[in-house]
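Comments concern the structure below.
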Amino acid sequence: MSDGTPEPNGEQIILADVFDALSLLDWHYVTANSDPKKPKPKKPKKYPRWWENQKPKNSPERVAKLDDARRRKREREQAIAEGRIA
């Protein structure tokens, strides 16, 4: 039903939420107690939730982007070899 991806159990979901809450709390503490002259730290990223990943690994958009990048790389290497660009 979910393309072969195992379903998370309740414990995994709660642990991800707890991890996010603790990292955000730590970020708030560090930001509030840091030197005002120094730059503030970046906000922490959410814990990666593999069960929310809706996009398949080899989606048509991703394959098209990869093919386009490979084509541009070949064209650039050919232009360098021909001396058209440095």
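If you read the sequence shown in the working numbering, its first letter stands for residue 262, the second for the next number, and so on.
Positions of the beta carbon are idealized from the N, C-alpha and C atoms, including for glycine.
Since this is a predicted model, take the numbers as computed values, not measurements.
Verify the contact flag: Val279, CB atom, against every heavy atom of the ligand GDP, threshold strictly below 7 Å. Although the ligand GDP was asked about, the structure shown includes no ligands whatsoever.
What do you reckon, are the CB atoms on Pro305 and Val291 nearer than 8 Å? no
Is the region 265-279 close to the region 306-326, with three or more CB pairs under 8 Å? yes
Just to confirm the assignment, what range does the alpha helix (DSSP H) spanning Ser284 have? Gly271 to Ala293
Suppose you measure from the CA of Gly271 to the CA of Trp312; what does that come to, to the nearest Å? 12 Å
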